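Student: Per numbering that gives the first Met the number 0, residue 0 is the first one in the sequence shown, and the count goes up by one each step. Heads up, the beta-carbon is just placed ideally off N, CA and C, and yes, glycines get one too. Bear in mind the structure is a predicted one, so any value in this text is a computation, not a measurement.
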Amino acid sequence: MSPRPHSRTLAFVESPVQLLNLLEWAHHHGLRGPAPEGGPALEGGRAPVGGSVPVGGSAPEGGELTVVVLSPTDPMTRGQLRRTADLARDEGYRVRWEEARGGTTAPFHTIGGLAGPLRRADRVVMGDPFSRYVQLLLTITRARDLVVVDDGTATMEFVAQLARGERLVRWHRKGGRRGPRDLLFAPVSSSARRRLTPREGRRVEVFSSMPVTETPDGVTVTANDFAWTRARFGPPRITKGADLVGTSLVETGVVDVGHYLEAVRALARSHGATRYFAHRRESTEKLHRLAGETGLEIVRPDLPLELTARRGPIGRTILSFPSTVVHTLPLALAGTGVRVAVCDIDPAWLTETASPRAQGFLSGVAGTARDVHRLATVGLAQGATA
């Protein structure tokens with residue numbers, strides 16, 4: 000689904016990965032930022048955090064893109080978002096940083112300030128259709144074109160739920176009881192699902208590197224091959240050793256921390272890994288414990304891992320548990336000779352509170368990954384617990 004010429008596109012992102020995939024979408028469709036001729040001089044050539052840049056010049060052929068960052072409160076995510084937002088500005092796009100969660104009144108100020116641009120937008124792009132913030136914003140827009148850019152494994156679940164006409168629920172929460180806030184927000188969520196369902200006069204596109212097995216009627220699925228990342232960075236310097244990629248499965252309550260740490264230790268030992276690239280949501284306490292028990296060097300990337308790996312240096316082998324990166328890294332590192340290997344999650348590692356769908360979903364994430372080496376589940380020492 001190509002953007003209509005000279006249209007106004009408003010994009011909402013809440014994570015570095017969403018912003019990276021928005022840049023890939025804009026590159027794929029040939030969008031460019033407006034020329035800065037006639038606009039005010041910017042200190043350091045970048046937009047000030049806290050608002051968009053009023054720039055002159057004509058709109059690009061594919062339309063004009065404004066990026067709205069709905070900033071989270073997590074420091075690691077905010078840091079990665081700021082760095083990735085700098086890349087968006089370097090590409091010439093407008094970036095509007097919103098402290099959307101900076102206090103009890105912040106949502107009212109944010110939504111009030113975005114109401115006008117939302118009503119004027121011809122196209123709305125979002126990175127997380129499960130986000131209550133985004134679902135609320137969708138009730139305001141009159142846009143005829145809606146686009147969902149990749150948010151990793153959540154995109155797989157979103158497309159499947161839309162195809163089956165189900166309510167929008169994140170995969171690791173599915174099967175749990177609906178709380179009071181869920182029930183209160185249900186009408187907004189239902190409205191968002193209806194707006195994300197194509198009909199006459201409304202087009203919906205999903206831009207993803209993830210496998211899509213159930214395509215809703217009328218939805219256009221466009222493959223994300225990370226062409227912008229490969230053109231912009233690298234090729235990286237390849238080291239002889241192996242690197243291990245962390246996940247937030249412990250933090251989301253899916254995998255037991257003791258079993259996870261033991262699995263990391265066994266995986267690093269068997270493959271000679273020396274570095275552990277932490278997920279931005281991993282807790283500091285867990286990472287300290289992991290470093291002490293495994294001897295791995297903990298690396299906290301300041302950009303999404305696809306960009307970090309492409310810039311290098313990176314190990315000749317990258318080890319991961321089932322996660323988004325087993326789908327995205329082979330694309331970002333195509334032609335470099337780096338091997339990506341995925342290790343399955345043993346059902347015994349799951350917590351008692353994990354969603355009943357967790358094992359099947361994670362197995363599907365690993366099993367549908369292309370151009371990766373499938374590893375057997377690592378054996379753990381007896382009695383590994385938290």
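State the DSSP-derived secondary structure class of Val-263, mapped to helix, strand or coil.
Tutor: Helix.
Student: Once the 5 residues before and after Arg-201 are set aside, which same chain residues still bring their CB inside 8 Å of it?
Tutor: Contacts found: Arg-143, Asp-144, Leu-145, Arg-194.
Student: Can you list, in chain order, the stretches of the alpha helix (DSSP H) that have 4 or more residues and sit fully within the region 192–222?
Tutor: Segments of the alpha helix (DSSP H) lying fully in the region 192–222: there are none.
Student: Helix, strand or coil for Glu-23? Go by DSSP, reduced to three states.
Tutor: If DSSP states are grouped into helix, strand and coil, Glu-23 belongs with the helices.
Student: Tell me the DSSP bridge mates of His-287?
Tutor: Partner(s): none; His-287 has no beta bridge.
Student: If you draw a straight line from the alpha carbon of Ala-226 to that of Trp-348, how long is it in whole angstroms?
Tutor: Their Cα atoms are separated by approximately 36 Å.
Student: I need the boundaries of the alpha helix (DSSP H) containing Phe-276, first residue and last residue.
Tutor: Not the alpha helix (DSSP H): Phe-276 falls in the beta strand (DSSP E), residues 272–276.
Student: When burial is assigned at 16 or more other CB atoms within 10 Å of the CB, is Thr-327 buried or exposed?
Tutor: Answer is buried; the Cβ neighbour count reaches 16.
Student: For Pro-74, count neighbouring C-beta atoms within 10 Å of its own C-beta (all shown protein chains included) and say buried if the count is 16 or more, exposed if not.
Tutor: With fewer than 16 Cβ atoms within 10 Å of its Cβ, Pro-74 is classed as exposed.
Student: With a 10 Å radius around its C-beta and 16 neighbouring C-beta atoms as the bar for buried, classify His-258 as buried or exposed.
Tutor: Its Cβ being crowded by 16 or more others within 10 Å, His-258 is buried.
Student: Report the three-state DSSP secondary structure of Thr-65 (helix, strand or coil).
Tutor: Thr-65: strand per DSSP, three-state reduction.
Student: With DSSP as the reference, please indicate the residues paired to Phe-11 in a beta bridge.
Tutor: According to DSSP, Phe-11 bridges with Val-67, Met-125.
Student: Is it the case that the Cβ atoms of Leu-442 and Glu-296 are separated by a distance below 7 Å?
Tutor: Because the chain is modelled from 0 through 385, residue 442 falls outside the range shown and cannot be assessed.
Student: By DSSP's criteria, Ile-139 is part of a beta bridge. Which residues make up the other side?
Tutor: BP columns for Ile-139 are empty, so no partner.
Student: Is it buried or exposed, Ser-188, if we count other Cβ atoms within 10 angstroms and call 16 or more buried?
Tutor: With 16 or more other Cβ atoms within 10 Å, it is buried.
Student: Please name the residue, chosen from His-108, Arg-236, Ser-322, that lies closest to Gly-334 on a Cα-to-Cα basis.
Tutor: Comparing Cα-Cα distances from Gly-334 to each of His-108, Arg-236, Ser-322, the minimum goes to Arg-236.
Student: Please classify His-278 as buried or exposed, where buried requires at least 16 neighbouring CB atoms within 10 angstroms.
Tutor: His-278 comes out buried.
Student: What did DSSP end up calling Gly-314 once you bin it into helix, strand or coil?
Tutor: In this structure, Gly-314 counts as strand in the three-state DSSP scheme.
Student: Return the residue from the list Ala-162, Ala-114, Arg-231 that minimises the CA-CA distance to Thr-212.
Tutor: Checking every option, the nearest Cα to that of Thr-212 belongs to Ala-162.
Student: For Val-203 versus Pro-210, is the C-beta distance shorter than 7 Å?
Tutor: No, the Cβ-Cβ distance between Val-203 and Pro-210 is not below 7 Å.
Student: Pairing CB atoms from the region 239–253 with CB atoms from the region 280–291, are three or more of them under 8 Å?
Tutor: Yes: at least three Cβ pairs fall under 8 Å.
Student: Looking at the strands, I want to know which residues DSSP matches up with Val-244.
Tutor: For Val-244, which the question treats as bridged, DSSP gives the partners Phe-276, Ser-319.
Student: So, under 8 Å CB-CB, Ser-207 and Thr-138 are touching, yes? Tell me the CB distance rounded to an integer number of Å.
Tutor: Actually they are not in contact, since the Cβ atoms of Ser-207 and Thr-138 sit about 24 Å apart, beyond 8 Å.
Student: Measuring CA to CA, which of Pro-116, Glu-98, Glu-305 is closest to Gln-17?
Tutor: When each option's Cα is compared against that of Gln-17, the closest is Glu-305.
Student: Around the Cβ of Asp-343, are there at least 16 other Cβ atoms within 10 angstroms (buried) or fewer (exposed)?
Tutor: It is buried - the Cβ of Asp-343 has at least 16 other Cβ atoms within 10 Å.
Student: Helix, strand or coil for His-372? Go by DSSP, reduced to three states.
Tutor: Note: His-372 maps to strand in three-state DSSP.
Student: Just the Cα atoms here: how many angstroms apart are Leu-106 and Arg-100?
Tutor: A small correction: the amino acid at residue 106 is Pro; Leu does not occupy that position in the sequence shown. Approximately 6 Å, taken between the alpha carbons.
Student: Asp-144 bridges to which residues according to DSSP?
Tutor: In DSSP, Asp-144 forms a bridge with Arg-122, Arg-202.
Student: Within 10 angstroms of the Cβ of Leu-21, are there 16 or more other Cβ atoms? Answer buried if so, exposed if not.
Tutor: When all chains shown are included, Leu-21 counts as buried.
Student: Which class does Leu-302 belong to by DSSP, given the choice of helix, strand or coil?
Tutor: Three-state result, Leu-302: coil.
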